[in-house]
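Q: First the structure, then my questions, so here it is.
Protein chains: 2
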Amino acid sequence: MFQRYSKQREVVYNVLCQTKTHPTVDWVYEEAKKVLPEIGIATVYRNLRELVKHGMAKVVLTPDNKEHFDADMTQHPHFICKSCGCVMDVTTQGHTKIAQKGFVVENCDTTFFGTCPQCAN
Amino acid sequence: MFQRYSKQREVVYNVLCQTKTHPTVDWVYEEAKKVLPEIGIATVYRNLRELVKHGMAKVVLTPDNKEHFDADMTQHPHFICKSCGCVMDVTTQGHTKIAQKGFVVENCDTTFFGTCPQCAN
DNA sequence: ATTATAATGATAATCAATATCACTTGTCCA
DNA sequence: TGGACAAGTGATATTGATTATCATTATAAT
Numbered sequence: 001m002f003q004r005y006s007k008q009r010e011v012v013y014n015v016l017c018q019t020k021t022h023p024t025v026d027w028v029y030e031e032a033k034k035v036l037p038e039i040g041i042a043t044v045y046r047n048l049r050e051l052v053k054h055g056m057a058k059v060v061l062t063p064d065n066k067e068h069f070d071a072d073m074t075q076h077p078h079f080i081c082k083s084c085g086c087v088m089d090v091t092t093q094g095h096t097k098i099a100q101k102g103f104v105v106e107n108c109d110t111t112f113f114g115t116c117p118q119c120a121n
Numbered sequence: 001m002f003q004r005y006s007k008q009r010e011v012v013y014n015v016l017c018q019t020k021t022h023p024t025v026d027w028v029y030e031e032a033k034k035v036l037p038e039i040g041i042a043t044v045y046r047n048l049r050e051l052v053k054h055g056m057a058k059v060v061l062t063p064d065n066k067e068h069f070d071a072d073m074t075q076h077p078h079f080i081c082k083s084c085g086c087v088m089d090v091t092t093q094g095h096t097k098i099a100q101k102g103f104v105v106e107n108c109d110t111t112f113f114g115t116c117p118q119c120a121n
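Structure below.
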């Protein structure tokens, strides 16, 4: 998978696995520094990208134009709050059930990723 | 809605309404220049933002970290091609039907937008 | 232990998006 | 009709997230 082990990558991945807050790069960086104070922000960026490339993490794009990361690779919808900007998992399906948990849903976007018919040829 | 009429805003909105390609700012800018050669890129940014704020357009965030815009405010899923980066409307529901049209679907993200329970209080 | 090279960390560079500000233009009203 | 006020524009500077660069460090095979 990766050509060599690195302490930094392990720490970055552990930080990501141990939270459900869908953190930004900066948050992962701050947490990683608590374990490896010498780690650099470039290494955090690099490893998060690598984790995504290797299918070990997903990027969640938010309206504030920052990348958030999620190590939970099971398919599940997210809820993004326009007030505090938090990204949360919503395990139930459908507007009604989400509303019952206190979420005020204004909009819903669904995006499929893959290869379009032209490129598939 | 808007406090004053402006030719520039009308052109930007018309450009957006007349395409289904979910264009970037730059594409809208180039098209708008064909009608109003003196229009500035800042004006295009500004008006696209305003259109979104007023519920006349939506932002589609793509993995290339650029904002794409869509004047179709009906709720509909998008398909983003990892090969060419195009953003397309997929009007049918479900992986199977999309696959029948030649799309190779690898992943699907659903995001709800609104106010989280804590902020709603 | 030696060696090849992957990975790191500091920092420069990139680039999309936003802010600034003097100037222009739409709209109100005398 | 003609100011006058302020919204809107356009050129450009600034910001800020992400990526590239490169000398140095560290992993893993021999």
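Protein chains in written order, with the numbering used here: chain A, 1 to 121; chain B, 1 to 121. Glycine is no exception: its CB is placed at the ideal position from the N, C-alpha and C atoms.
1) Assuming Q93 (chain A) contacts C108 (chain B) under a Cβ cut-off of 8 Å, what Cβ separation, rounded to an integer in Å, is found between them?
2) Taking only runs of the beta strand (DSSP E) that begin and end inside the region 70-102 of chain A, which ones reach a length of at least 3 residues, in chain order?
3) Closest by CA to Q3 (chain B), which one among B:V25, B:I41, B:W27, B:H54?
4) Any C-beta of chain B sitting closer than 7 Å to the C-beta of V12 (chain A)?
5) So the beta strand (DSSP E) D109 (chain B) belongs to, where does it begin and stop?
6) Return the CA-CA distance between N14 (chain B) and T21 (chain B), expressed in angstroms with no decimal places.
7) May I ask you to list, following chain order, the residues of the region 87-116 of chain B that have a beta carbon less than 7 Å from some beta carbon of chain A?
8) I believe I116 (chain A) touches C81 (chain B) by the beta-carbon criterion, under 8 Å. Please report the beta-carbon distance rounded to the nearest angstrom.
9) What residue does the beta strand (DSSP E) around L36 (chain A) start on, and which one ends it?
10) Please return the same chain residues whose Cβ sits closer than 7 Å to the Cβ of T62 (chain A), not counting the five positions on each side in sequence.
11) Interface residues of chain B around F79 (chain A) at Cβ under 9 Å?
12) At what residues does the alpha helix (DSSP H) containing P53 (chain B) begin and finish?
A: Quick look at the numbers:
1) The residue given as residue 93 (chain A) occupies position 93 in the first sequence. The residue given as residue 108 (chain B) occupies position 108 in the second sequence. Going by Cβ atoms, the distance from Q93 (chain A) to C108 (chain B) rounds to 13 Å, so no, they are not a contact pair.
2) 78-81, 87-89
3) The residue given as residue 3 (chain B) occupies position 3 in the second sequence. Among B:V25, B:I41, B:W27, B:H54, the Cα nearest to that of Q3 (chain B) belongs to B:H54.
4) On the first sequence, residue 12 (chain A) is found 12 positions in, with the first residue counted as 1. No, because no Cβ of chain B sits closer than 7 Å to the Cβ of V12 (chain A).
5) In the second sequence, counting from the first residue as 1, residue 109 (chain B) sits at position 109. Counting along the chain, the beta strand (DSSP E) containing D109 (chain B) begins and ends at 104-115.
6) For the purposes of this step, residue 14 (chain B) is taken as residue 14 along the second sequence, with counting starting at 1. For the purposes of this step, residue 21 (chain B) is taken as residue 21 along the second sequence, with counting starting at 1. When rounded, the distance between both Cα atoms is 14 Å.
7) M88, V90, I98, K101, G102, F103, V104, V105, E106, N107, C108, D109, T110, T111, F112, F113, G114, T115, C116
8) For the purposes of this step, residue 116 (chain A) is taken as residue 116 along the first sequence, with counting starting at 1. For the purposes of this step, residue 81 (chain B) is taken as residue 81 along the second sequence, with counting starting at 1. Sequence inspection shows Cys at residue 116 (chain A); the Ile mentioned does not correspond to that position. Confirmed, Cβ separation roughly 4 Å.
9) Sequence index remark: in the first sequence, residue 36 (chain A) carries index 36 (1-based). Counting along the chain, L36 (chain A) falls outside any beta strand (DSSP E), and DSSP gives it neither H nor E.
10) Taking the first residue of the first sequence as 1, we reach residue 62 (chain A) at position 62. Closer than 7 Å at the Cβ level, and outside the excluded window around T62 (chain A), lie H68, I80, G85, V87.
11) Along the first sequence, read from residue 1 onward, the residue named residue 79 (chain A) stands at position 79. The contacting residues are T111, F112, F113, G114, C116.
12) Start at 1 with the first residue of the second sequence, and residue 53 (chain B) comes out as number 53. Note that residue 53 (chain B) corresponds to Lys in the displayed sequence, not to Pro. Segment 41-53, the alpha helix (DSSP H) holding K53 (chain B).
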